[in-house]
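Below: the structure, in structure tokens.
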Amino acid sequence: MTDTGRSYLHVPEPSFRPGDKPTFDEMIIPQAGAVRRPPVDVHPDDIQDLARTIIRVMSSDNEAVGEWAASLTDEEALEGLKDMMRLRTMDARLLRAQRQGKTSFYMQALGEEAVACAFQKALEPGDMNFPTYRQQGLLITSGYPMTSMMNQIFSNSQDPMKGRQLGNLYSSKEHGFFSISGNLATQFVQAVGWAMASAIEGNDRVGVGWIGDGSTAEGDFHAGLVFASTYQPPCVLNIVNNQWAISTYQGIARGNAATFASKGLAFGLPSLRVDGNDYLAVHAVAKWAIERARKRLGPTLIEYVTYREGAHSTSDDPSAYRPKDEADGWPLGDPIERLKGYLIAKGVWSEDRHAQMASQIEDEVAAAQRESEAIGTLLEGDKPGPRDMFEDVYEEMPPHLREQFAQSLKEAGEG
Amino acid sequence: MTDTGRSYLHVPEPSFRPGDKPTFDEMIIPQAGAVRRPPVDVHPDDIQDLARTIIRVMSSDNEAVGEWAASLTDEEALEGLKDMMRLRTMDARLLRAQRQGKTSFYMQALGEEAVACAFQKALEPGDMNFPTYRQQGLLITSGYPMTSMMNQIFSNSQDPMKGRQLGNLYSSKEHGFFSISGNLATQFVQAVGWAMASAIEGNDRVGVGWIGDGSTAEGDFHAGLVFASTYQPPCVLNIVNNQWAISTYQGIARGNAATFASKGLAFGLPSLRVDGNDYLAVHAVAKWAIERARKRLGPTLIEYVTYREGAHSTSDDPSAYRPKDEADGWPLGDPIERLKGYLIAKGVWSEDRHAQMASQIEDEVAAAQRESEAIGTLLEGDKPGPRDMFEDVYEEMPPHLREQFAQSLKEAGEG
Amino acid sequence: MAKKTMIEAIRDAHHIAMEADEKVVVFGEDVGYFGGVFRCTAGLQEKFGKARCFDAPICEGGIVGAAIGMAAYGLRPCIEIQFADYAYPAYDQIVSEAARLRHRSGGQFTAPMVIRMPTGGGIFGGQTHSQSPEALFAHVSGLKTVIPSTPYDAKGLLLASIEDNDPVIFLEPKRLYNGPFDGEHDKSIVPWSKHDDAEVPDGHYTVPLGKAKIVREGKDVTILAYGTMVHVAKKTAEDQGIDAEVIDLRTLVPLDTETIAQSVQKTGRCVVVHEATRTCGYGAELVSIVNELCFWALEAPVERVTGWDTPYPHSQEWDYFPGPKRLGAALNQIMEA
Amino acid sequence: MAKKTMIEAIRDAHHIAMEADEKVVVFGEDVGYFGGVFRCTAGLQEKFGKARCFDAPICEGGIVGAAIGMAAYGLRPCIEIQFADYAYPAYDQIVSEAARLRHRSGGQFTAPMVIRMPTGGGIFGGQTHSQSPEALFAHVSGLKTVIPSTPYDAKGLLLASIEDNDPVIFLEPKRLYNGPFDGEHDKSIVPWSKHDDAEVPDGHYTVPLGKAKIVREGKDVTILAYGTMVHVAKKTAEDQGIDAEVIDLRTLVPLDTETIAQSVQKTGRCVVVHEATRTCGYGAELVSIVNELCFWALEAPVERVTGWDTPYPHSQEWDYFPGPKRLGAALNQIMEA
Ligand SMILES: Cc1ncc(C[n+]2csc(CCOP(=O)(O)OP(=O)(O)O)c2C)c(N)n1
Ligand SMILES: Cc1ncc(C[n+]2csc(CCOP(=O)(O)OP(=O)(O)O)c2C)c(N)n1
Ligand SMILES: [Mg+2]
Ligand SMILES: [Mg+2]
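Protein chains in written order, with our numbering: chain G, 180 to 594; chain C, 180 to 594; chain U, 2 to 338; chain L, 2 to 338.
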């Protein structure tokens, strides 16, 4: 073996780039129902295979099959369908609003609605999510008012974040939704710390960490797993693998690992991989992990296999780095279509009722938007002011901030 | 399941604390020779078991057995014995020198000499270690002059680090020994970056990362594994598990993971666990991993199971946190005694020759120390000065440093 | 001569540096195939191959750490941190490692590398896409800190930084990427395509590190500025009809104290401006230096015009940003003193 | 009243805080069974159990991140970073998370927590056991930064910090842990056991954050100091027979500008001292504030006496350390101006 002078750095590449005809033939997708459901007190070593497969419930015949089926009643599944539709409708409208200049920036969850919506359905009041910017489904499902979300998107005077945060970086303590950070991965270990507090206090509240496939490369992901593994607090750690991190495909963060879920094996954590576009499967796995946590059996790591159908954000155009029609070939389908198909097949839903609900939701979301826009949008109407910028830096405004606040009022001609 | 208000945070504890009678009965130690030696181009998935066992070569009968045996000639093994003895002798003398106030601080490698000494023996010129402070064995083995080490320990005018660094934080580019940082774990990913450069340049030089069991908790450990897994550069990543991180036993960093080596499985890296007190086993495994790297087959993670026999540093007193006699029970024995026993059993060494060599080494080290002390020690003799502090902050001293330098000379009465 | 935006100028510098020296490698989040979220590295992977320009995992600590290893090997990494706000996870690698390597190894190992990062606000990016952390780098010995205000300087300073043998923090004011900005957010601006400072010569040239530039001569007051604030300063001086001398520092460490001192000795008055948070900002250092060098010439206290000591807000962006109004008020005050 | 070392005072504060409020939890590297490498948390695990005082993995980012989660839950973590030099891996969690949480969540979530860390040099610790990074925290809005100089203050400030509802960076000058230190490294020192400032009352008391203390009254020049340098300042003033007023700032953010301004208005002269690297150090902020508040009263430029802009060296420790000689020269110079 001698030096060749020729580079041999291995740089992983997605199989397809713009201009290529994308397929997902290489993806190994087990049949729905094929993967067993172990008891919640199983030893992590005995389910290592679950980190390398995909747990699925809804079959191609629109049936719920296997040991993970039946975690929800039909009514609950219907609520889930509605949650996802509301989310998608809201995303679409706010995307348009951004194009109209009513907000600076927006990020949608298109194609991955099932993950957050179904997970939240398995939580209880008192539990706490530490979400990323693509989990607005948690808020929708937990009943956070859509107008509050929009008030934040439009940064108007009713914005609960008082104009301080980007629109998508929501927070609602009441709804178990921790304030989102713009810095990736930081909150993964905070979720573990929150759950440690639950254990220290002898409570049964569950902390939930969320992270994207790309962000698992951050050191804070590791920190979260180390602390979870060591202190075994009641938490669930969720990796949303939507295949992309802006323009970077998941292979850059995953490297030579088989799956993201398998990262948990290095920490002795039960690690599961689930079809993220299968509402029923997401819910069933979430319920399993939450039950483990609540029974004080320790943390679980879950990878949700899904696909980011839209652009990363309104600042992004994915046609520059992936085939335009890649989404069409995504083999796990669309979460709304699949749940709808299941409910229709079951005879508790119909195309007509679906269409009717869609238009109801459209009205509902439009009404919320009107209400919110009437208050104000980024550049028009009632807005947060300098006081909102100076408050809450500390519990009490210290002298130097009081002075700067006074100066800012003078600058604004109000001093 | 209801809140009890009673804490249930799991805080791992070592089995024994001061006052307890320590045993290592729970440790599973395979027979020497029991673990197979796969071909270097094996698929990582096919050797996952090697991350959970212990590769051993020297049997209790002092024989080298199994597929990992015979990587060294008798002469080489004898050199290894001598390296370890020199290291231990130097450590002991410098420990005393610290107590005599000739240096501020010292860290010995007592009980874990085989790890660095045997690993270095498998490297070639042009390769580069990114060591921690307990790998002085690399320098000893690669022929770095002992007086240079001592000059640094004594911070005298011949200190190659010019008084800037703590004594143990050596650096020798020539000897493939990267400058040690006082901040833990940072260099693990630097080693990977160095190896990436080797790949980019089309060279076959191997980068070697070193880290302690406790330090694997740092985010930079994760960063190193992510980059190694993704870019598959020619590197070997070494975890020295000496059971302790100052007062903290390895279970706090390891958590619920089976072993430290198994961390590599989450990244699709071949991950091996080896008896760190078995010079022959360490060398054989090192050789295997270095061959893989040099053949462009990618990185390997290795855990060395050893025991920190002494205090963490001269600032530490382990009797406060572990049984005084814990070291006596360490089941993997002493690396020097074991290699000596093997060589004697093989008929190429004897107690007499050993005693003779020990006294030769004592003389050699004492001579080096005299030479070095004659130049100066921390508070006496020839010392680095302010100029050495101001130089090398940048390639050229910028104006503000020139000014400060001038001021410092004035302060010292030389300006 | 062709006019270029700051992005085009930076891209140009990359191409020239990589062509001239095959040791130059470029990596960072989204910089490979896509060419960076701000497009500063577009075309590099195609031209120089994946081994010299590639995507990195989202791990700033790893990006900087790996670059240090490469630099120690003998390469010259020029890496991108997607936003300066995301340099914090790499802070330890930057300040404890890159900045210290030459010194602590007795000169055996060095870390010639450039860490590029978009800095500053004015794009409604909220608190994690708007910060100006220059003081956090300037405080660290062993680092050089550079910040251009024009396409011409961006190219010349970047080339000088890549050729420098010390680690350089290269802050790119993102509000200037696609056009200059004088702080009047509600008015339209002359685009770079019509702007004099956008004349960027083809081929190789450098702007030396450590040399400030007087971008407007004046007799009555000295304004010390860098990055976006250079344009705000020029505009404010013009609008208010104040005979201000505006100095674009260009390099914060090492600092061109000579140019500063000469100017303040002449004018007797000085205002320091930056977008960053006020307390312990780089402005404090400038005030100290002016006082140390020019105290006896000062006819009024040196004023600081800065962002407030709050997180960078989203919708109150223009209440936070130290625009012509804030600077104008300070200029008036100092001229009256 | 009992005399205590600074370590004993800090330990005492921990015991009192944990007894008074079961929400207070303590963790960090080696702080559990062993009680910390400097013994500041000795006895806590035994008394309060492993759920309230425990060892953490060597992962400063995780330690701070977990503490933020706990604080958001409703606990009051008081955590130890083993050396201030090792806060950098946690820097992102500190500045982007703990410091921002209250503001960015519209006040919904808060991070009441104390991050303790030994700071400063003087113990032959070399560059990674000696740094003084206070400026890197003071620049960050949302953090409070505290640094005691005596056992009495250490206990009172630590209790006040634990009871504070904002994140507090609590810097403990490690050279003062076991005895005061006036910078005369080659002479022996009065130990805390014989020192007035070591009188530490039993039981609960607080020293309020944001209040400086005049530790020596004087008319001719004001010395602004904190931590170890307070003792150096007092000693130097005495030795040189200069009628200096020495102010111990105690809290860097929020800063007691009133006490500072009053003093400098009176003395007309000011010297600022710290051990940290000079450029962009906290001293620059102090110089700026004094100039802003007292310019017209100043009879000489404010002087900075600081560590050099080099890494903290090992064997040249006393060439680096701003001891009585460096401060004395500055005092002489300013008195002559
Ligand atoms: C620390 C940090 N680094 C970089 C960024 C810039 N950034 C924002 S989103 C993103 C991609 C994240 O990808 P992934 O984790 O897969 O989440 P997804 O967007 O797919 O939901 C990047 C790099 C950031 N916000 N924070
Ligand atoms: C970033 C950082 N955090 C903390 C420390 C303090 N420290 C020095 S050595 C040590 C223990 C390291 O244990 P381990 O990694 O097991 O290595 P060992 O000492 O056993 O060889 C600690 C906590 C440090 N040097 N750097
Ligand atoms: Mg993603
Ligand atoms: Mg160890």
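Glycine included, C-beta positions come from ideal geometry on N, C-alpha and C.
On a predicted model such as this, the values are computed, not experimentally measured, just so you know.
The region 227-258 of chain L contains, as complete beta strand (DSSP E) runs of 3+ residues, the segments 245-249 and 252-254 (chain order).
Assignment of cysteine 271 of chain U by DSSP, reduced to helix, strand and coil, places it in the strand class.
Distances from the CB of aspartate 203 of chain U to the heavy atoms of ligand 2 are all 7 angstroms or more. Around the CB of isoleucine 11 of chain U, 16 or more other CB atoms lie within 10 Å, so the residue is classed as buried. The beta-carbon of threonine 183 of chain C is placed less than 8 angstroms from the nearest beta-carbon of chain G. Residue pairing from DSSP places threonine 223 of chain U in a beta bridge opposite U/Glu246 and U/Cys271. Using a cutoff of 7 angstroms, the CB of arginine 487 of chain C counts as near ligand 4, since one of the ligand's heavy atoms is closer than that. Within the region 557-579 of chain G, Leu557, Lys562, Pro563, Gly564, Pro565, Asp567, Met568, Phe569, Val572 and His579 place their CB atoms closer than 8 angstroms to a CB of chain U, listed in sequence order. Listed along the chain, the chain U residues whose CB falls inside 8 angstroms of the CB of arginine 105 of chain L are Gln128 and Pro312. For the beta strand (DSSP E) assignment, the uninterrupted runs of no fewer than 3 residues enclosed by the region 52-96 of chain U are, from N- to C-terminal side, 54-56 and 77-81. Within chain L, not a single residue places a beta-carbon under 9 angstroms from that of isoleucine 359 of chain C; the smallest gap is close to 10 angstroms. Of the residues assessed, isoleucine 207 of chain G falls on the exposed side of the cut-off, its CB having fewer than 16 other CB atoms within 10 angstroms. Taking C-alpha positions only, glutamine 548 of chain G is separated from serine 538 of chain G by approximately 15 angstroms.
In the structure shown, the three-state DSSP call for phenylalanine 356 of chain C is strand. Look at leucine 299 of chain U here: in three-state DSSP terms it is coil, with no helix or strand label. Distance from the CA atom of aspartate 31 of chain L to the CA atom of tyrosine 74 of chain L, rounded to whole angstroms, is 24 angstroms. Listed in chain order, the non-local C-beta contacts of leucine 511 of chain G below 6 angstroms within the same chain comprise Asp454 and Asn456, local neighbours out to five positions each way being set aside.
Interface flag for valine 405 of chain G against chain L is set, since a Cβ pair is found closer than 8 angstroms. Between threonine 183 of chain C and glycine 305 of chain G, the C-beta spacing is not below 8 angstroms. Tryptophan 373 of chain G carries a helical assignment under DSSP once its states are collapsed to helix, strand and coil. It is roughly 40 angstroms from the alpha-carbon of arginine 487 of chain C to the alpha-carbon of alanine 139 of chain U.
Note on geometry: alpha-carbon atoms of threonine 280 of chain U and valine 273 of chain U lie some 13 angstroms from one another.
Between lysine 352 of chain G and the set G/Lys341, G/Gln337 and G/Leu318, the nearest pair of CA atoms involves G/Leu318. The beta carbon of glycine 219 of chain L lies closer than 6 angstroms to those of Asp244, Ala245 and Glu246 in the same chain, with the five residues before and after it left out.
Going by beta carbons, leucine 260 of chain G and lysine 519 of chain G fall inside the 8 angstroms limit. Scanning its chain for C-beta atoms nearer than 6 angstroms, with the 5 sequence neighbours on each side dropped, one finds around glutamine 369 of chain G the residues Phe309, in chain order. For arginine 305 of chain U, the pairing in a beta bridge is given by DSSP as U/Val273. Around alanine 21 of chain L, the same chain offers His205 as residues with beta carbons nearer than 8 angstroms, after the five sequence neighbours per side are excluded.
The Cβ of isoleucine 379 of chain G sits closer than 8 angstroms to at least one Cβ of chain L. A distance of 8 angstroms or more separates the beta carbons of alanine 248 of chain G and leucine 476 of chain G. For asparagine 362 of chain G, the chain L residues whose C-beta falls within less than 8 angstroms of its own C-beta are Asp93, Ser97 and Glu98, listed in chain order. When beta bridges are read from the DSSP output, isoleucine 170 of chain U appears opposite U/Ile116 and U/Thr146. Counting along the chain, the unbroken beta strand (DSSP E) around tyrosine 483 of chain C starts and ends at 479-484.
Taking 8 angstroms as the threshold, the shortest C-beta distance from methionine 340 of chain C to chain U falls below it. DSSP places tryptophan 389 of chain C in the uninterrupted beta strand (DSSP E) bounded by 386-391.
With respect to aspartate 571 of chain G, glycine 108 of chain L sits close: the two C-beta atoms are nearer than 8 angstroms.
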